[in-house]
Amino acid sequence: MPKVAILFFILLFSPMITNSHAFIPVDLKTENDEKYTLIFDSGIVDIDSNFFTENDFKRYLIFGDKLEKNDILKTNSFYGIQSDSGFFSVAILTETSATNLVSQGYTVVEDFQLDFHSQNNQIQDASRIGEITGSNLAKTKYDSSGNGTVIAIVDTGVDFSNPDIQHSLARNDLNHPIMLDPDGQGIVLTNATFFAYIDKNEIIRNYSKPIPSHMTSSAYVTRDGVFLDVSQGGKGSNIPIYNSFFPQIGSSVIFNGTLTTDMKIGEDNRNYIKSKSGVYHLGVIYQGGLSGPYSKIQVVPVLVVDSFIPGVYDTIIPDLSTSWEDYTRFDLEKGKKPNYDFDFTDEKPIVLGSGKEFLVYDSNNDGIIDYSAGTFGAQVLDVYGVIKNNSTDIDDALKAINGTLLPPLDPNGEFFGLMTDFMGHGTSSAASITSRGQETYDIYNNSKKYSITGVAPDAKILPVKALWFGDTVYGWLWIAGFENNEHTWEYTGNPRVDIISNSWGVSNFPSFKASPGMDMLSLILSVLTTPNSFNDNYPGITIISSAGNSGHGYGTIGLPNASPFGMSVGATTNNVFVGYGPFKDQPRFGNTTIHSNNVVDFSSRGPSSIGDPKPDVMSIGAHGFVPSNMLKINKDSKNESFSLFGGTSMAAPLVSGSAAILIEELKKQSKDYDSFLIKNILMSTATDLQNDPFTQGSGLVNIESALNYVNGKNGTFIVYNDGSYNNIKNILEPAIEKINSTSIGFEKFQLPSKSFPMTSWFAGQLLPGDRTTTTFTIDNPSNESQTINVKPQTLSLISKIQFNGTTIVRQQDTLMNKTDTFIPNYVKLSELANQDELGQFFNNDDPIPDESSLMILNLNFEFNDFMNNTSDVYADDLKISSLYLYDWIDNNNDTKITSDELSLVNRAGSWGTVQELRVSQPNEKFDGVPLVGVYPVPTRYSYWLGDTKLNSTSMDYTISASHYEKEKWPILWSESETILVSPQSSSTVDVTLVTPTDYQTGMYQGFLTFEGEQHTVNAPISFVIKQPVIENDSTILIKGIQSDDILYGNGYTKGAFDMVNRYMAGDWRQYYFDIQNPSINAAAIELSWISNNTNLSVFVMNPLGEIIQTNVPSGVFGHFLGWASLDWLGSSIFSQGGGFYPVKNKDDTSTVLYVPINQTGTYTLLTHSTLFGGSSTTEPITLAAKFTHISAEMFDSQESVNVEIKTIPTKIEDTSEIISKIEIQDPNNVNSDLPFSTGIAVGIVIGIAIGLVFIFIIRQKPPN
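1 is the number of the first residue of the sequence shown in full-length UniProt numbering; add one for each residue after it.
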């Protein structure tokens, strides 16, 4: 039959797959604008061209009760848990069916692909991982490298084809690989059967009698060899093929393909591939990527045989040479045809337990793998119920509704499981841990070879493919040691891994109706981490998650990474990318790779709404080199199999590898441990980066220092307190108790009453004037006494200087005078200093104060310069200038700056009105002249279409440099400032926090520093101040503060929105109201700010963390499109989902909302600066609120009275923000809640307009 090429143009929407995934610098042209042509046909198998038309299927998460009474759910659910109390299910439905379920009272949420926190184009060093993390010294001093530990990589899958990571695949006692695919992507059907007549002497002979009716065809012998009769006289053989792309592509999960060419299985009738039963099973692997450079289809014929025991199938033989020819057929010269051999005899048989389960192929016998099709032996969750009437030991009664976990290979030969990774993200995560550094790579294309060694090369990797949110919990529970048994999860007695590593997150949290940390996924993570939470024997498990890449604003850590008992990891710099690939010959990146260990601008910050200090620690995230899969993009590609990796996606696995080394050492020393001790050791031994707790946690993980503690060396100690766990538990418990544990399959699902020690102290949610005390323990494992000084500290702004300028666009470097290659506008840091006013801090030779431990450099410009508001389409014309900081050494003393004299220290490049970069210990970072670079991105960009190719224009800007030092924190008191700790002993000290009575509601942070002679611990401290609401009709006014401080503070927000980032990008602030009067059932709240171009979205949570009100409700967009909020622009070719529209419900500088209150307790209000005016780096926020009781009983039952919330603008002294007096009136002609209702109505209209504009834009052709 003729072959029909089915073409799909897949736009690369990076936000679908990136969250801990760091950006390639956004002022660098990337491949994001490219289109990839995906061709679904093959020269191997004929497929009906109509099969790959668009479908109406989507994955949904459904919650409710009475599953058995709903035919739609019983038919279409493929995984779930049910009990007498209710059920949770994942189903494939049409939108019509989903809407019908909603109308029946079920809660229906569209499932979605996870955001992976790494970089779109990946890079990593050769590699400095060992140097920066301390793993080199851990190996040298203690011979620890992760041996005997297993790390689960919950990600896009892992491709183990690269020889540098093949050794790290986790295996069981039979040496079988341990791999899990809860997405159900890796099933390979091999149920086409071919009968061969084999006599008693094991000679294959032609068979003239009719073959059994259930057989597909037979085998025959000729002088050319032994063949499977696939062509069957020209009609071909129809075989079922599993559609690994469903539900995104294709009308069903199984489709029929037609094979028309006979396939060779032997050289002659005595020399052939043996099948003890004489029944050969044939199938086709059909898989590939839907986006990016690997958006190709792999079609692999595969033979399955029973080579030892008749009827027990044990061996697969993939025809990789034929598949390679098919995969690369478009690279051939015109008129040349691929050389398909359809021959299994020249392929390598693969047997589980052989250690060689990798489907790899060397096309030219040069010893280097060219082609990878995955790893054989994955256990795949049969999410669509395709294996129903199989004869394996699977309980047929469970079918798909309870999640049938298939064996790696069906002993009857009907199917097997395959682990793949066509996105590459999971492979990079794994390789950053376990690369053994034996392969060599020409990293910088200069013929010099480098090796790439991971942080823990002797650890083992258990890959868990979880591309969809709905499958992550199954993956977590299974690897934590649970088995799904009918409607429950039962703990088997042993976790399958030591560590779970998550390099992904969920940014658009409003879709889940709860704030990060209080949402279902974060709660499950917190409980999984905690010992004894499911039963008395459950040991807990160490779970390490990337913080996210939504910085530089505060509060940008998403879910589940905000889980207080998990370990969240932020990202630091490692400039090994300079001179590599797209960074080569780009003068703005300088000429050296030496700088590292500064906080990356995109690293997500804390706090969450809970108030505990997050992230916990930091590691490398910008950037590093890792081995990649052995899969050539085209036939003659000379590219080597490594890539540049980055983001907190990289930082999390590096900390996971560090934890593996720590666990190995603890095991060698026969020391007991749990997840809390692992976290405490890593935090107590981290290197201080001189940043605030909400940015760095304790600091940069240092595994050498951690092992020093385990071995009692170098005066290393750890600290922990007894207060944090209970303070956090008290906040989480009401939300956990609301979860019906039986409905998710657990008899017990709770945080135990026993307290667990934590290094960081979350002092709780307190009232002004409250006093609270905790006990810190200092553990000294050494053989010597230690004297420890206890110092409460907080970062204090000691100076801030500015420079105003105007950009000059498209300047060229004198050395690299190339077309479309430009340099920044250079400004010496000393030019920011005003000598008359700041002479005490600065001089021309040294513009950095001696006292400065942290320098924050900002660049801000007006919103009207950032976005052309005269454009016909919103956000269709954007421009920015990014920010660089260099160490300039004038080598030839000509006073002229050239790129070969620059060493990049750090950079920042968000698509918003404020850039921010940070430098730790700035006095130690410069051998020459500190030099600022303001880089005007040379062309303008469209949010919808990317690079418009139109030249940018100049803009006015302000550079500011803020310097900080640590000073005493007067609200924290230690009972003793000096503690003597005896050898191999512990000492305790009580620490008391006294909150000032004038503190306004919000969050506060600092450190408790424990300083020894050789070692220092920085324990992060944070607490919440609540505004008490005691009386009915209480009115509250919280004045905004105009602050020069760019660090986290209350009463103002900072400019941090980033239109190409994610939903969480921007700056978040928290307000807490302690409702103590049970009669209060409503609040009217107004927030106001200064700039017309600034916009705030607001969310209010009840004491359970549930979102109960917002000024940007998602409305119909949330219901039908899964939209997070009305002001959100969604993702695009250019953006990962960080764009917002200024939805207003009152006026340009304020917003109002009505909040229902149905219980006493703490209500949390979050503000999100989705847009920022840019005239300064911060802007004050004023909040006015009235808490009251509203009910029909307030009025005479005979009267019809309407209530108006009237806003009367007044000015507040010392600020220019607008607030409101809120009055209850009795007009006859005013509808109740007018401003709020009007705001929603206007918002919906604007939202519809946004949708129409979005549709309009998407239909436009990009410029040539």
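Think of the CB as a built atom: it goes at the ideal place given N, C-alpha and C, for glycine as much as any other residue.
*Would DSSP call LEU1121 helix, strand or coil?*
As a first step, residue 1121 is located in the sequence shown; it is residue number 1121 there, counting from the start. Reduced to three states, the DSSP call for LEU1121 is helix.
*Does DSSP put SER135 in a helix, in a strand, or in coil?*
Start at 1 with the first residue of the sequence shown, and residue 135 comes out as number 135. Helix at SER135.
*Which partner residues does ASP46 have in the DSSP bridge list?*
Within the sequence shown, residue 46 is the residue found at index 46, counting from 1. According to DSSP, ASP46 bridges with THR258.
_Could you compute how far the alpha carbon of THR488 sits from the alpha carbon of PHE746?_
In the sequence shown, residue 488 corresponds to position 488, counting from 1. In the sequence shown, residue 746 corresponds to position 746, counting from 1. C-alpha separation (whole angstroms): 6 Å.
*What residue ranges within the stretch 1106-1194 form continuous beta strand (DSSP E) runs of no fewer than 3 residues, ordered along the chain?*
1107-1110, 1150-1156, 1161-1171, 1178-1180 and 1182-1188
*Quick one: residues in its chain with C-beta nearer than 6 Å to the C-beta of MET867, no 5 flanking neighbours on either side, listed in chain order?*
In the sequence shown, residue 867 corresponds to position 867, counting from 1. Here the set comprises LEU878.
_Secondary structure of ILE736, DSSP reduced to three states_ = Locating residue 736 in the sequence shown gives position 736, where the first residue counts as 1. Helix, per DSSP.
*Buried or exposed: which applies to ILE433, given that a residue is buried once 16 or more other Cβ atoms fall within 10 Å of its Cβ?*
If you number the sequence shown from 1, residue 433 lands on position 433. When all chains shown are included, ILE433 counts as buried.
*Where SER363 falls: helix, strand or coil (DSSP)*: The count along the sequence shown starts at 1 and reaches residue 363 at position 363. Three-state DSSP puts SER363 in coil, outside helix and strand.
*Can you tell me the Cβ-Cβ gap for ASP779 and SER952, rounded? I've got them flagged as a contact below 8 Å.*
The residue labelled residue 779 in the question sits at position 779 within the sequence shown. The residue labelled residue 952 in the question sits at position 952 within the sequence shown. About 57 Å; that fails the 8 Å criterion.
*Roughly how far, in whole angstroms, is the beta-carbon of ASP847 from the beta-carbon of ILE798, given that I think they are within contact range, below 8 Å?*
Position 847 of the sequence shown holds residue 847. Position 798 of the sequence shown holds residue 798. Here the sequence assigns Pro to residue 847, which means Asp is not the residue at that position. Not really, about 14 Å apart at Cβ, beyond 8 Å.
*asked:* Just to check my reading of the structure: ALA459 and ALA660 have Cβ atoms closer than 8 Å, yes? What is that Cβ distance to the nearest angstrom?
replied: Taking the first residue of the sequence shown as position 1, residue 459 is located at position 459. Taking the first residue of the sequence shown as position 1, residue 660 is located at position 660. Rounded, the Cβ-Cβ distance is 4 Å, consistent with contact.
*Return the CA-CA distance between PHE1099 and LYS1186, expressed in angstroms with no decimal places.*
Looking up residue 1099 in the sequence shown gives position 1099. Looking up residue 1186 in the sequence shown gives position 1186. Using only the alpha carbons, I get a separation of about 17 Å.
*Quick one: what's THR1035 bridged to in DSSP?*
Counting from one through the sequence shown, the residue named residue 1035 turns up at place 1035. Answer by DSSP bridge pairing, in chain order: LYS1186.
_Three CB pairs or more closer than 8 Å across the stretch 942-958 and the stretch 673-683_ = no
*By a C-beta neighbour count over all protein chains shown, 10 Å radius and 16 as the cutoff for buried, is ASN271 buried or exposed?*
One-based indexing of the sequence shown puts residue 271 at position 271. Answer is exposed; the Cβ neighbour count stays below 16.
*Residues in its own chain within less than 6 Å of ALA480 by CB, not counting five upstream and five downstream?*
As a working mapping, residue 480 is identified with position 480 in the sequence shown. Hits under 6 Å: PRO495, LEU528 and ILE541.
*Would you tell me roughly how many angstroms separate the C-alpha atoms of ALA91 and GLU975, rounded to the nearest one?*
Counting from one through the sequence shown, the residue named residue 91 turns up at place 91. Counting from one through the sequence shown, the residue named residue 975 turns up at place 975. Cα to Cα, the separation comes out at about 58 Å.
_Which listed residue (GLY1002, TYR1063 and GLY1040) has its alpha carbon closest to that of GLN1070_ = For the purposes of this step, residue 1070 is taken as residue 1070 along the sequence shown, with counting starting at 1. With distances taken between Cα atoms, GLN1070 lies closest to GLY1002.
_Quick check on this structure: which residue in ASN639, LEU677, LEU631 and LEU732 has the alpha carbon closest to the alpha carbon of SER608?_
Working through the sequence shown from its first residue, we reach residue 608 at position 608. With distances taken between Cα atoms, SER608 lies closest to LEU732.
*With distances taken Cα to Cα, identify the nearest neighbour of ASN634 among LYS748, ASN858 and SER363.*
Stepping through the sequence shown from its first residue, residue 634 is reached at position 634. For the residues LYS748, ASN858 and SER363, the minimum Cα distance to ASN634 belongs to SER363.
_Measuring CB atoms only, is the stretch 1130-1148 touching the stretch 1068-1084, in the sense that at least three cross pairs come out at less than 8 Å?_
no
*State the beta-bridge partners of ASP498 as determined by DSSP.*
As a first step, residue 498 must be located in the sequence shown, where it is residue number 498. DSSP lists no partner for ASP498.
*Residues sharing a beta bridge with HIS281, DSSP*: Locating residue 281 in the sequence shown gives position 281, counting from the first residue. BP columns for HIS281 point to THR193 and VAL304.
*Give the straight-line distance between the Cα atoms of GLY1105 and VAL304, rounded to the nearest whole angstrom.*
Walking along the sequence shown from the start, residue 1105 turns up at place 1105. Walking along the sequence shown from the start, residue 304 turns up at place 304. Roughly 52 Å separates the two Cα atoms.
*Between ASN574 and LEU700, which are expected to be in contact by the criterion C-beta below 8 Å, what is the C-beta distance as a whole number of angstroms?*
As a working mapping, residue 574 is identified with position 574 in the sequence shown. As a working mapping, residue 700 is identified with position 700 in the sequence shown. About 11 Å separates the two Cβ atoms, so there is no contact after all.
_Cut-off 7 Å between Cβ atoms - residues of its own chain near GLY184, not counting five sequence neighbours on either side_ = Here residue 184 corresponds to residue number 184 of the sequence shown, with the count starting at 1. Cβ neighbours of GLY184 beyond the five flanking positions: VAL380, LEU381, ASP382, VAL383 and TYR384.
*Three-state secondary structure (DSSP) at LEU1008?*
Taking the sequence shown and counting its residues from 1, one reaches residue 1008 at position 1008. In the structure shown, LEU1008 sits in a strand (DSSP, three-state: E or B).
_Coil, strand or helix - VAL473 by DSSP_ = Numbered from 1 along the sequence shown, position 473 holds the residue referred to as residue 473. Three-state result, VAL473: helix.
_LYS336 to TRP324 span [Cα, whole Å]_ = Locating residue 336 in the sequence shown gives position 336, counting from the first residue. Locating residue 324 in the sequence shown gives position 324, counting from the first residue. Taking the straight line from one Cα to the other gives about 15 Å.
*Measuring alpha carbon to alpha carbon, tell me which of ASN1093, LEU766 and SER435 ends up nearest ASP1147.*
Translated into positions along the sequence shown, residue 1147 becomes position 1147. The residue with the shortest Cα to Cα distance from ASP1147 is ASN1093.
*When you compare each of ARG771, THR1178 and LEU859 to PRO996 by their alpha carbons, which one comes out closest?*
Looking up residue 996 in the sequence shown gives position 996. Per the Cα distances, ARG771.
*What are the boundary residues of the alpha helix (DSSP H) that GLN921 is part of?*
Counted from its first residue, the sequence shown places residue 921 at position 921. From DSSP, GLN921 is part of no alpha helix (DSSP H); its letter is neither H nor E.
*In chain order, what residues of the same chain lie with their CB nearer than 7 Å to the CB of PHE822, ignoring the 5 residues before and after it?*
The residue you call residue 822 lines up with position 822 of the sequence shown. Once the five neighbours on either side are set aside, the close Cβ partners of PHE822 are ARG810, GLN811, GLN812 and PRO938.
*Indicate whether PHE246 and LEU290 have their beta-carbon atoms separated by less than 8 Å.*
Locating residue 246 in the sequence shown gives position 246, where the first residue counts as 1. Locating residue 290 in the sequence shown gives position 290, where the first residue counts as 1. In this structure, LEU290 does not lie closer than 8 Å to PHE246 by Cβ.
*Less than 8 Å separating the beta-carbons of LEU832 and TRP888?*
Indexing the sequence shown from 1 puts residue 832 at position 832. Indexing the sequence shown from 1 puts residue 888 at position 888. Cβ atoms of LEU832 and TRP888: not closer than 8 Å.
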